[in-house]
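> Heads up, the sequence shown is in the UniProt record's numbering, so the first residue is 1 and it goes up one at a time. Virtual Cβ for every residue (Gly too), placed ideally from N, Cα, C. Structure in structure tokens, see below.
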Amino acid sequence: MAHPTPISNHPLYRLRAEFLTNDERVALAYQRAKLVLDTYKLCAEDILHCSPKYWAMQSDPAMPLDGACFTIISAHVGLTIGTLARHAQSRPDLLPLLHRLLAFDTVGLYLLSERGHGLDSFNIETTATKTETGFILNTPREEAAKMMPATTPLFGIPKVALVMARLIVDGTDRGPRFFIVPICDKKEMCRGVTSTRLPRLSGTSPLDFAITNFHNVHLPPSALLYEPRCSEGSPRRLVGRSVADPHWKRCGAPLDSARVPIITFRTQQWPVLQAIAVAMVLDSWYSQVIQHTVDVSTEPQVRHGLSVVVKTTVCRQFLTCIRDLLRDGAQEILTTTSSLVLRQTDAASSLPKATSPHSAFASSANSFSAATPSLRPPSPNPCSLDTHPPSSSTMQASSRTLPGGHRGASANALVTPQAESAIQALGHAYAYAAAARAGSPSPCLTSTSASPSAQTLRGTLSVPAWTAPHSVRQARAVTCALPHLQEYLDALDLRSTSRLPSSKTTFGRLA
Numbered sequence: 001m002a003h004p005t006p007i008s009n010h011p012l013y014r015l016r017a018e019f020l021t022n023d024e025r026v027a028l029a030y031q032r033a034k035l036v037l038d039t040y041k042l043c044a045e046d047i048l049h050c051s052p053k054y055w056a057m058q059s060d061p062a063m064p065l066d067g068a069c070f071t072i073i074s075a076h077v078g079l080t081i082g083t084l085a086r087h088a089q090s091r092p093d094l095l096p097l098l099h100r101l102l103a104f105d106t107v108g109l110y111l112l113s114e115r116g117h118g119l120d121s122f123n124i125e126t127t128a129t130k131t132e133t134g135f136i137l138n139t140p141r142e143e144a145a146k147m148m149p150a151t152t153p154l155f156g157i158p159k160v161a162l163v164m165a166r167l168i169v170d171g172t173d174r175g176p177r178f179f180i181v182p183i184c185d186k187k188e189m190c191r192g193v194t195s196t197r198l199p200r201l202s203g204t205s206p207l208d209f210a211i212t213n214f215h216n217v218h219l220p221p222s223a224l225l226y227e228p229r230c231s232e233g234s235p236r237r238l239v240g241r242s243v244a245d246p247h248w249k250r251c252g253a254p255l256d257s258a259r260v261p262i263i264t265f266r267t268q269q270w271p272v273l274q275a276i277a278v279a280m281v282l283d284s285w286y287s288q289v290i291q292h293t294v295d296v297s298t299e300p301q302v303r304h305g306l307s308v309v310v311k312t313t314v315c316r317q318f319l320t321c322i323r324d325l326l327r328d329g330a331q332e333i334l335t336t337t338s339s340l341v342l343r344q345t346d347a348a349s350s351l352p353k354a355t356s357p358h359s360a361f362a363s364s365a366n367s368f369s370a371a372t373p374s375l376r377p378p379s380p381n382p383c384s385l386d387t388h389p390p391s392s393s394t395m396q397a398s399s400r401t402l403p404g405g406h407r408g409a410s411a412n413a414l415v416t417p418q419a420e421s422a423i424q425a426l427g428h429a430y431a432y433a434a435a436a437r438a439g440s441p442s443p444c445l446t447s448t449s450a451s452p453s454a455q456t457l458r459g460t461l462s463v464p465a466w467t468a469p470h471s472v473r474q475a476r477a478v479t480c481a482l483p484h485l486q487e488y489l490d491a492l493d494l495r496s497t498s499r500l501p502s503s504k505t506t507f508g509r510l511a
């Protein structure tokens with residue numbers, strides 16, 4: 001995709017962030033986000049219809065250089081503006097707000113996840129009660145506080161949020177709806193809104209993440225966004241080049257010989273080659289999968305199923321490549337080396353979004369029966385990864401034959417642990433076929449299909465792993481051990497030594 005003058009050459013990207021304080025780095029992330037938006041000059045139509053300009057911004061090589069900046073842009077553009085743009089034609093009163101957001105004069109936030117519910121949006125507890133003059137927004141209890149979005153007023157920029165809350169009309173719960181809620185101005189929080197800043201997430205690019213509560217916040221009738229739809233957000237930028245470059249440049253220096261480039265060692269060659277191959281293969285798939293996910297003529301269930309496959313495959317491939325590239329020794333504990341920071345940022349961003357095998361299986365159970373027959377790629381090579389039948393359909397069919405169906409205890413013990421591998425296997429097949437059709441270099445295709453993870457996933461495609469004897473034995477062992485969990489914890493004598501509040505809470509609940 002074509003990009004304008006490289007953003008990474010701008011003075012804001014030449015600053016040595018590791019020499020700045022946390023707050024200085026957060027302020028820098030907001031400045032960089034404005035620079036990105038000023039550079040690409042997106043309009044609402046670009047975001048609403050995912051134009052080439054929109055995807056060019058998302059895939060700009062500068063994006064992986066600052067995880068906090070990427071997080072700001074993802075929520076601001078893909079979620080907030082993307083959601084508002086859908087209503088702009090029928091709601092001209094939203095245009096002034098959209099213009100401020102597009103100019104980054106106001107930061108857009110997306111408050112969905114609650115501390116006690118994650119992305120289980122159907123069971124959120126925040127309420128918006130209809131009154132004669134509008135709505136009153138409230139956080140009924142601590143577990144209903146909105147988790148993570150950066151709602152503090154500390155960095156001199158107004159913020160407005162799309163807050164998902166339960167619409168209460170005459171005492172009747174009308175279900176979750178989005179409400180436009182001012183959060184703060186340049187200096188202080190808006191009345192009734194409180195923001196408690198969270199500590200910096202270890203190893204990540206710092207941002208002013210917070211826990212947000214609402215106390216009798218009065219909203220006008222126009223705050224309600226009717227017929228809300230939740231965006232999946234923006235795909236993560238592949239970082240093959242950014243994680244590989246340091247390995248090409250670094251040199252080792254034997255005491256009695258000339259400096260030797262570290263890339264000459266086979267232990268470095270394979271991780272770098274694998275990262276590059278994965279980046280190329282996924283990039284080919286990325287450009288093709290966009291057409292499916294934005295095609296409104298495709299069934300929503302199919303589009304959702306494909307989105308689950310893409311997210312699971314890309315995120316796990318990213319983490320696998322980063323893990324294999326963590327060979328820089330002591331340098332990896334420094335923020336000057338991007339690999340560790342990228343890995344931690346990815347892990348931290350996945351936690352509040354419930355990116356897990358369980359959520360993947362929950363999605364697959366509802367979506368893959370429609371998605372698999374419609375979107376299975378044709379095999380360009382009889383020996384390729386995608387010659388086996390997709391296992392997601394097999395997974396769903398097998399789970400239905402177990403006692404209790406796909407929500408039963410047997411499915412939870414035997415099928416759910418294999419769900420992520422099955423979805424990754426399907427993603428590998430799609431990506432490989434797309435890259436082969438796009439004419440990706442043969443060595444990259446060979447490297448991708450020969451990776452240890454691909455070999456493992458190929459087995460997942462051909463044999464339902466949850467029927468293997470070792471899986472049954474493992475499930476039985478867990479079932480037998482679970483009732484004695486408190487006993488095992490007590491035997492470790494960790495109650496008095498733990499300094500983590502969460503662990504003390506766990507001990508208390510198990511007692």
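Sort out for me which residues DSSP pairs residue 160 with in a bridge.
Bridge partners of residue 160: 108 and 182.
> So, for residue 11: in the same chain, excluding its five sequence neighbours on each side, which residues have a beta-carbon less than 7 Å away from its beta-carbon?
Answer for residue 11: no residue qualifies.
> Could you tell me if residue 114 is buried or exposed, where buried requires 16 or more neighbouring beta carbons within 10 angstroms of its beta carbon?
Under this definition residue 114 is a buried residue.
> Closest to residue 190 by CA distance: which of 216, 166 and 167 is it?
Comparing Cα-Cα distances from residue 190 to each of 216, 166 and 167, the minimum goes to 216.
> Under 7 Å Cβ to Cβ from residue 73, same chain only, skipping five residues before and after it: list those, please.
Same-chain partners within the cutoff: 33 and 36.
> Tell me the DSSP secondary structure of residue 294 in three-state form.
DSSP places residue 294 in coil when its eight states are reduced to three.
> Leaving aside the five residues before and after residue 285 along the sequence, list all residues of the same chain whose C-beta is less than 7 Å from its C-beta, in chain order.
Excluding residues within five positions, the ones whose Cβ falls inside 7 Å are 430, 431, 434 and 435.
> Is residue 18 buried or exposed, if buried means 16 or more other CB atoms sit within 10 Å of its CB?
Classification of residue 18: exposed, given that the 10 Å Cβ count is below 16.
> Can you tell which of 126, 158 and 134 has its C-alpha closest to the C-alpha of residue 513?
No information on residue 513 is available, as it lies outside the stretch 1 to 511 that the chain covers here.
> Jot down the residue ranges of each uninterrupted alpha helix (DSSP H) in the region 60–148, minimum 4 residues, whole runs only, in chain order.
If we require 4 residues or more, the alpha helix (DSSP H) runs fully inside the region 60–148 come out as 67–73, 82–87 and 95–102.
> Take the Cβ of residue 103 as the centre, count every other Cβ of all protein chains shown within 10 Å, and call the residue buried at 16 or more, exposed below.
Exposed.
> Indicate the three-state DSSP secondary structure (helix, strand or coil) for residue 214 in the structure shown.
It is a strand residue.
> Do residue 116 and residue 144 have their C-beta atoms closer together than 8 Å?
Yes, the Cβ-Cβ distance between residue 116 and residue 144 is below 8 Å.
> According to DSSP, what are the bridge partners of residue 194?
Per DSSP, 213.
> Which first and last residues belong to the alpha helix (DSSP H) in which residue 513 is found?
Outside the shown range of the chain (1 to 511) lies residue 513, about which nothing can therefore be said.
> So, is residue 242 buried or exposed, given that buried needs 16 or more other C-beta atoms within 10 angstroms?
With a pLDDT of 32 at residue 242, under the threshold of 50, the modelled position of that residue is not reliable, and no figure is offered here.
> Would residue 421 be called buried (16 or more neighbouring beta carbons within 10 Å of its own) or exposed?
Flag for residue 421 reads buried.
> Using a Cβ distance threshold of 8 Å, determine whether the region 121–140 contacts the region 80–96, with at least three qualifying pairs required.
Touching, no.
> Would residue 274 and residue 324 be called neighbours here (beta carbons separated by less than 8 Å)?
Contact flag set, yes.
> Let me check understanding here. Comparing Cα to Cα, which of 207, 299 and 270 lies closest to residue 446?
Comparing Cα positions, the closest option is 270.
> Based on DSSP bridge pairs, tell me the residues matched to residue 172.
For residue 172, which the question treats as bridged, DSSP gives the partners 169.
> Under 8 Å between the Cβ atoms of residue 121 and residue 176?
Their beta carbons are under 8 Å apart, which means residue 121 touches residue 176 by this criterion.
> Roughly how many whole angstroms lie between the Cα atoms of residue 366 and residue 49?
Residue placement at residue 366 is flagged as unreliable, the pLDDT there being 49, under the threshold of 50; the coordinate-derived value follows with that caveat. Each residue's Cα considered, the two are about 26 Å apart.
> Note the first and the last residue of the continuous alpha helix (DSSP H) segment covering residue 299.
It is not in any alpha helix (DSSP H) - residue 299 carries neither H nor E in the DSSP assignment.
> With a 10 Å radius around its C-beta and 16 neighbouring C-beta atoms as the bar for buried, classify residue 90 as buried or exposed.
Exposed, by the Cβ-count rule.
> Beta carbon of residue 512, beta carbon of residue 448: below 8 Å?
Nothing can be reported for residue 512: it is not among the residues displayed for the chain, which extend from 1 to 511.
> Assign residue 443 to buried or exposed, taking buried as 16 or more other Cβ atoms, counted over all protein chains shown, within 10 Å of its Cβ.
It counts as exposed.
> Quick one: residues in its chain with C-beta nearer than 8 Å to the C-beta of residue 290, no 5 flanking neighbours on either side, listed in chain order?
Result list for residue 290: 50 and 55, in chain order.
> Drop a sphere of 10 angstroms on the beta-carbon of residue 6, count the other beta-carbons inside from all chains shown, and report buried for 16 or more, exposed for fewer.
With fewer than 16 Cβ atoms within 10 Å of its Cβ, residue 6 is classed as exposed.
> Should residue 218 be labelled buried (16 or more other beta-carbon atoms within 10 Å of its own) or exposed?
Counting Cβ neighbours within 10 Å, residue 218 comes out exposed, since fewer than 16 surround it.
> Would DSSP call residue 414 helix, strand or coil?
In this structure, residue 414 counts as helix in the three-state DSSP scheme.
> Quick check on the DSSP output: the alpha helix (DSSP H) that includes residue 46 runs from which residue to which?
It spans 44–48 - the alpha helix (DSSP H) in which residue 46 sits, taken as one unbroken run.
> Could you tell me the distance, in whole angstroms, from the CA atom of residue 29 to the CA atom of residue 101?
Answer to the nearest angstrom: the Cα atoms are 16 Å apart.
> Since residue 76 and residue 108 should fall inside the 8 Å C-beta cutoff, what is the C-beta to C-beta distance between them, to a whole number of angstroms?
About 4 Å; that satisfies the 8 Å criterion.
> Consult DSSP for residue 386 and reduce its assignment to one of helix, strand or coil.
Its pLDDT being 43, under 50, residue 386 is placed unreliably by the model, and nothing is read from it.
> Just the C-alpha distance for residue 111 and residue 281, rounded to the nearest angstrom, thanks.
Their Cα atoms are separated by approximately 34 Å.
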